Every structure is written in C-alpha cells, then in structure tokens.
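Student:
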Amino acid sequence: MKTENYLKSTIRSIPDFPKKGIVFRDITTLLKDPRALQEVVDLFYHAYKDKNITKVVSVESRGFIFGGVLAYRLNAGFVPIRKKGKLPAKTFGEEYVLEYGTDTIEIHEDAIEPGDRVVIHDDLLATGGTIAAACRLVERLQAKIVGLSFLIELSFLNGRERIKQYPIQTLITYDSE
C-alpha cells in the first residue's frame, strides 16, 4: 500500500476533463518523476520476469509508454495495437462498444506467432471494453495471454468483470471518481 500511495501522489487529478463530471488521472506527472517511473517499470518487470514472456502487447497510446520499456526489460518483442487505419500492413480488427457508439482496434496479422506468451499492457482499466477487444485479437493469433497489466484501475467502473478470466495486475486503484 505504501508504494501505491506514493505512486498515487505523483498522479495529477483534473476535474471535469474531458467533460463535466469526469476526473482525469493525468500520468504525465508520474512520468516526469524519475523515482516513480523507475518504480512502475520495476514492479511490472518483477511481476513477469519469470513467466517466459515472448511478446508485450500494448494498446494505443499511453499503453505504449510502459509496454515498450517492459518488453525491453523482459527481452521480449513489442507489439502495438492501434486504432483502425493506423497500422501499415495487413491487420485483424476487433470492434468494441464505447459509451456512445463503437470503435475498432487492429493488430498486424504477423505480429504474434502461435504459442507466443503474451502480456497485454494498457495504462488504464476502466470499463474493460478496449482490453477485452485486445485479448480477442491476441487469442485470434493463437497466443497464450499470461497476464494483463495496468498502471491504474478505476474499480468503480467494474472493467475487471469483462476480463476476469485472465490474471490482472494493477498498481494504482481508484475506488471512486
């Protein structure tokens, strides 16, 4: 809890952004703090260092920040999942539901080999829709999802319920807005 409290203290909360009633958890203040940045990377690394991870998959865009570093530390490949139309080669896509409408994320068809051992990382677990779609993409490529990691979980949005079949690691939890 001491570590979580410290990391939480490095995150700036911005009320009414991007719209009224939302409290935005701004991680840029954590990222500029060398001690906090190192702590986060070390915690993710230690969670997966003995799991024989071959790929770290991250969701656009803030997920890339820790996903790339984690892949480097684990001596694994890094695979980006991006919004539709952003990847240059052949892709698979997965649609997911947003508050108002749908969106699609994509992964390169050749990004993951069957049997790869994968950690999927994103900065934030909210409703779980994006990460559930990312899991479907990775499993479509016949990889084994070893775990899901998040810097922040907004537990009051119950996103964990959509992905409860996977081991989940979060470093910071907010129980209310």
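Following our numbering, the numbering of the sequence shown begins with 22 at its first residue and continues without gaps. All C-beta atoms in this analysis are idealised placements derived from N, C-alpha and C, irrespective of residue type, glycine included. Source: prediction; values computed, not measured.
1. For a test of the three-state rule: what should DSSP assign to Thr125, helix, strand or coil?
2. According to DSSP, what are the bridge partners of Phe65?
3. State the beta-bridge partners of Lys165 as determined by DSSP.
4. Roughly how many whole angstroms lie between the Cα atoms of Leu84 and Thr151?
5. Using DSSP's beta-bridge definition, name the partner residues of Val80.
6. Where do the ends of the alpha helix (DSSP H) carrying Thr25 lie?
7. Tell me the residue span of the beta strand (DSSP E) that contains Leu52.
8. For the putative contact between Val140 and Val167, defined by C-beta atoms under 8 Å, what is the C-beta separation to the nearest angstrom?
9. My output table needs one value for Ile86: the three-state DSSP class, helix, strand or coil.
10. How should His142 be labelled, buried or exposed, when 16 other C-beta atoms within 10 angstroms of its C-beta is the threshold for buried?
11. Please classify Tyr121 as buried or exposed, where buried requires at least 16 other C-beta atoms within 10 Å of its C-beta.
12. Could you give the DSSP three-state label for Ile152: helix, strand or coil?
13. Grab me the residues of Phe65's own chain with a C-beta within less than 7 Å of its C-beta, minus the 5 sequence neighbours each way, in chain order.
14. Taking C-beta to C-beta, are Arg138 and Ile193 nearer than 7 Å?
15. Within 10 angstroms of the Cβ of Asp144, are there 16 or more other Cβ atoms? Answer buried if so, exposed if not.
16. Return the Cβ separation of Leu127 and Gly114 in integer angstroms, given the expectation that the two are a contact with Cβ distance under 8 Å.
Tutor: This is what the structure holds:
1. Here residue 125 corresponds to residue number 104 of the sequence shown, with the count starting at 1. Reduced to three states, the DSSP call for Thr125 is strand.
2. The residue given as residue 65 occupies position 44 in the sequence shown. Bridge partners of Phe65: none, in fact.
3. As a first step, residue 165 is located in the sequence shown; it is residue number 144 there, counting from the start. Beta-bridge pairing links Lys165 to Arg138.
4. On the sequence shown, position 63 is the one that residue 84 refers to. On the sequence shown, position 130 is the one that residue 151 refers to. Per the sequence presented here, residue 84 reads as Gly, with Leu not at that position. Their Cα atoms are separated by approximately 12 Å.
5. What you label residue 80 is simply residue 59 of the sequence shown in a count that begins at 1. Answer by DSSP bridge pairing, in chain order: Ile102.
6. Stepping through the sequence shown from its first residue, residue 25 is reached at position 4. With the sequence shown as reference, residue 25 is identified as Glu, and Thr is not the correct amino acid for it. Taken as a continuous stretch (DSSP letters only), the alpha helix (DSSP H) holding Glu25 covers Lys23 to Ser30.
7. The sequence position of residue 52 within the sequence shown is 31, counting from 1. Where Leu52 is concerned, there is no enclosing beta strand (DSSP E), although the alpha helix (DSSP H) it sits in stretches over Thr49 to Leu52.
8. Mapped onto the sequence shown, residue 140 falls at position 119. Mapped onto the sequence shown, residue 167 falls at position 146. Between Val167 and Val140 the Cβ distance is about 6 Å, and since that is below 8 Å, they are a contact.
9. Taking the first residue of the sequence shown as 1, we reach residue 86 at position 65. DSSP places Ile86 in helix when its eight states are reduced to three.
10. Position 121 of the sequence shown, counting from 1, holds the residue named residue 142. Buried.
11. The count along the sequence shown starts at 1 and reaches residue 121 at position 100. By the neighbour-count rule (16 or more Cβ atoms within 10 Å), Tyr121 is not buried but exposed.
12. Stepping through the sequence shown from its first residue, residue 152 is reached at position 131. Residue state, collapsed to three classes: helix.
13. Locating residue 65 in the sequence shown gives position 44, where the first residue counts as 1. Taken in chain order, the residues that qualify are Phe87, Leu91 and Ser170.
14. Sequence index remark: in the sequence shown, residue 138 carries index 117 (1-based). Sequence index remark: in the sequence shown, residue 193 carries index 172 (1-based). Going by C-beta atoms, Arg138 is not nearer than 7 Å to Ile193.
15. Counting from 1 along the sequence shown, the entry for residue 144 is found at position 123. Buried, since its Cβ has 16 or more Cβ neighbours within 10 Å.
16. Numbered from its first residue, the sequence shown carries residue 127 at position 106. Numbered from its first residue, the sequence shown carries residue 114 at position 93. Note on residue identity: the sequence assigns Glu, not Leu, to residue 127. Confirmed, about 5 Å.
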